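**Q** Can you keep this structure in mind? I'll have questions shortly.
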Amino acid sequence: MATLTAPDADTLRREFDEQGYVILRDFLGPEVLRQARAEMEGLVDRCAERLVSEGKVRDPMKQASFETRLIRLYEGRMDDAPKSFRPELHLEGLFDLFFCPRLLDVAEMFLGGEIRLYPNYTVRPKLPEHEATRVLWHQDGGYTEAGGAGGPVETLRMVNVWTPLVPAREENGCMQFIPGTHRLGVVPHERRQYYLEIARDHLDRRLGEAVSIELDPGDVVLFHNLLFHQGLPNRSRMVRWSLDWRYQDATQPTMRATKGHIARSRRHPEQAVKGAKEWASLSFG
Ligand SMILES: O=C(O)CCC(=O)C(=O)O
Numbered sequence: 010m011a012t013l014t015a016p017d018a019d020t021l022r023r024e025f026d027e028q029g030y031v032i033l034r035d036f037l038g039p040e041v042l043r044q045a046r047a048e049m050e051g052l053v054d055r056c057a058e059r060l061v062s063e064g065k066v067r068d069p070m071k072q073a074s075f076e077t078r079l080i081r082l083y084e085g086r087m088d089d090a091p092k093s094f095r096p097e098l099h100l101e102g103l104f105d106l107f108f109c110p111r112l113l114d115v116a117e118m119f120l121g122g123e124i125r126l127y128p129n130y131t132v133r134p135k136l137p138e139h140e141a142t143r144v145l146w147h148q149d150g151g152y153t154e155a156g157g158a159g160g161p162v163e164t165l166r167m168v169n170v171w172t173p174l175v176p177a178r179e180e181n182g183c184m185q186f187i188p189g190t191h192r193l194g195v196v197p198h199e200r201r202q203y204y205l206e207i208a209r210d211h212l213d214r215r216l217g218e219a220v221s222i223e224l225d226p227g228d229v230v231l232f233h234n235l236l237f238h239q240g241l242p243n244r245s246r247m248v249r250w251s252l253d254w255r256y257q258d259a260t261q262p263t264m265r266a267t268k269g270h271i272a273r274s275r276r277h278p279e280q281a282v283k284g285a286k287e288w289a290s291l292s293f294g
């Protein structure tokens, strides 16, 4: 298993090249996690206020835990529950996570000194029994291609990042990867109800090699844009909170209509997002 406690450039690159991913255990500090979690609690407060103002619930469930409040708020109306947050993520308390200098140092080992926060960053409160939160086997590059990338998606130099705010296990919907599949190029994907899925004849023969990526808060997994991955369904009674985002070599086009935000630039440091206030003043995309 590709697991490290402290990043060593050569080991990291070798593991990432061979397996398509690397796990950094206990990588994020408690203050970064505290801030991210506080911002998520704020998002849930806003959901509760909306439900109350629409007359859908009377009790905003302020006493409920971070792990259960969304479930209790949306009990009996799971279809209305948020599946992900994206434009909402321009929050001061997320700056230290998305622009974490130690993480950008690791990204720089892979991508060089011009790094973009790619226009695809998401918080997922994965709710139990909520089919739309089960993310089917895919490659991120499959989505970029389906979106009419207009270029060879294989050439995108990216590092995907995924981290949980609660322990992520098979039972509550951790990620699964199929090691080595990042070397296959972009394979065909088919449209399902909520997500794209890798075509069966490219997937079925590899499923036996799938590994579960069980992580604790503070752990981070970095993975390749073309690695086959899925998010298991949540069969627990708690919300599986996680964040995922991507860094890209900023000298390349995003192959999307959106441009992302410069996270680090050795050539033009003045172009990088400078702090929490600036991040909060910008918008998604
Ligand atoms: O969090 C999940 O369950 C799926 C996330 C995912 O597919 C991704 O980060 O690309």
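As numbered in this note's numbering, residues 10 to 294 make up the sequence shown, in order.
Beta carbons: idealized from backbone N, C-alpha and C, even for Gly.
Only a predicted model underlies this, so the values are computations on that prediction, with no experimental measurement involved.
Could you check the C-alpha separation between serine 251 and glutamate 63 for me, to the nearest Å?
**A** Numbered from 1 along the sequence shown, position 242 holds the residue referred to as residue 251. Numbered from 1 along the sequence shown, position 54 holds the residue referred to as residue 63. Each residue's alpha carbon lies about 28 Å from the other.
**Q** Just tell me which of Val175, Val53 and Asn129 has its CA closest to the CA of arginine 255.
**A** The count along the sequence shown starts at 1 and reaches residue 255 at position 246. Comparing Cα positions, the closest option is Asn129.
**Q** Whose C-alpha, out of Asn169, Val162, Leu33 and Asp88, is nearest the C-alpha of arginine 125?
**A** Mapped onto the sequence shown, residue 125 falls at position 116. The shortest Cα separation from arginine 125 among Asn169, Val162, Leu33 and Asp88 belongs to Asn169.
**Q** Once you ignore the five residues that flank alanine 289 on each side, which residues in its own chain have a CB closer than 8 Å to its CB?
**A** Numbered from 1 along the sequence shown, position 280 holds the residue referred to as residue 289. Around alanine 289: His99, Leu100, Glu101 and Phe104.
**Q** Rounded to the nearest angstrom, how far is the Cβ of glutamate 223 from that of arginine 275, given a contact under 8 Å?
**A** One-based indexing of the sequence shown puts residue 223 at position 214. One-based indexing of the sequence shown puts residue 275 at position 266. Not a contact, Cβ separation roughly 35 Å.
**Q** Tell me, please, which residues DSSP counts as bridged to valine 162.
**A** For this step, residue 162 is matched to residue 153 along the sequence shown. Valine 162 pairs with nothing; no bridge assigned.
**Q** Which word fits glutamate 58, buried or exposed, when buried means at least 16 other C-beta atoms lie within 10 angstroms of its C-beta?
**A** Locating residue 58 in the sequence shown gives position 49, where the first residue counts as 1. So glutamate 58 counts as exposed.
**Q** Below 8 Å, is the gap between the Cβ of threonine 153 and the nearest heavy atom of ligand 3?
**A** The model on display carries ligand 1 but not ligand 3.
**Q** Any heavy atom of ligand 1 within a distance shorter than 8 Å of the CB on glycine 240?
**A** Translated into positions along the sequence shown, residue 240 becomes position 231. Yes.
**Q** Could you say which of Ala281, His277 and Gly269 lies nearest to phenylalanine 293 if we only look at CA atoms?
**A** Within the sequence shown, numbered from 1, the residue matching residue 293 stands at position 284. When only C-alpha atoms are compared, the closest one is Gly269.
**Q** Answer yes or no: do isoleucine 80 and aspartate 228 have a C-beta to C-beta separation smaller than 9 Å?
**A** The residue labelled residue 80 in the question sits at position 71 within the sequence shown. The residue labelled residue 228 in the question sits at position 219 within the sequence shown. No, Cβ-Cβ distance for isoleucine 80 and aspartate 228 is not below 9 Å.
**Q** With DSSP as the reference, label arginine 265 as helix, strand or coil.
**A** Mapped onto the sequence shown, residue 265 falls at position 256. Arginine 265 falls in the coil class under three-state DSSP.
**Q** I'd like to check one pair, threonine 77 with asparagine 243: are the Cβ atoms closer than 9 Å?
**A** If you number the sequence shown from 1, residue 243 lands on position 234. If you number the sequence shown from 1, residue 77 lands on position 68. The answer is no: Cβ separation not under 9 Å.
**Q** Could you check what DSSP says for phenylalanine 107 in three-state terms: helix, strand or coil?
**A** For the purposes of this step, residue 107 is identified with residue 98 of the sequence shown, where counting begins at 1. DSSP places phenylalanine 107 in helix when its eight states are reduced to three.
**Q** Would you say the beta carbon of lysine 92 is closer than 8 Å to some non-hydrogen atom of ligand 1?
**A** Translated into positions along the sequence shown, residue 92 becomes position 83. Not so, every heavy atom of ligand 1 lies at least 8 Å from the Cβ.
**Q** Could you check whether valine 248 and lysine 65 sit closer than 9 Å to each other, using their CB atoms as the reference points?
**A** As a working note, residue 65 is residue 56 in the sequence shown. As a working note, residue 248 is residue 239 in the sequence shown. No. Outside cutoff.
**Q** How many angstroms separate the CA atom of alanine 272 from the CA atom of arginine 67?
**A** Looking up residue 272 in the sequence shown gives position 263. Looking up residue 67 in the sequence shown gives position 58. Cα to Cα, the separation comes out at about 42 Å.
**Q** Over what stretch of residues does the beta strand (DSSP E) that includes lysine 135 continue unbroken?
**A** Here residue 135 is taken as the residue at index 126 of the sequence shown, counted from 1. Element bounds for lysine 135: 131-135.
**Q** Let me know if alanine 116 comes out buried or exposed under the rule of 16 or more other beta-carbons within 10 Å of its beta-carbon.
**A** Counted from its first residue, the sequence shown places residue 116 at position 107. Buried, since its Cβ has 16 or more Cβ neighbours within 10 Å.
**Q** For ligand 1, I want to know if methionine 184 counts as a neighbour, meaning its beta carbon is within less than 8 Å of at least one of the ligand's heavy atoms.
**A** As a first step, residue 184 is located in the sequence shown; it is residue number 175 there, counting from the start. Indeed, a heavy atom of ligand 1 lies less than 8 Å from the Cβ.
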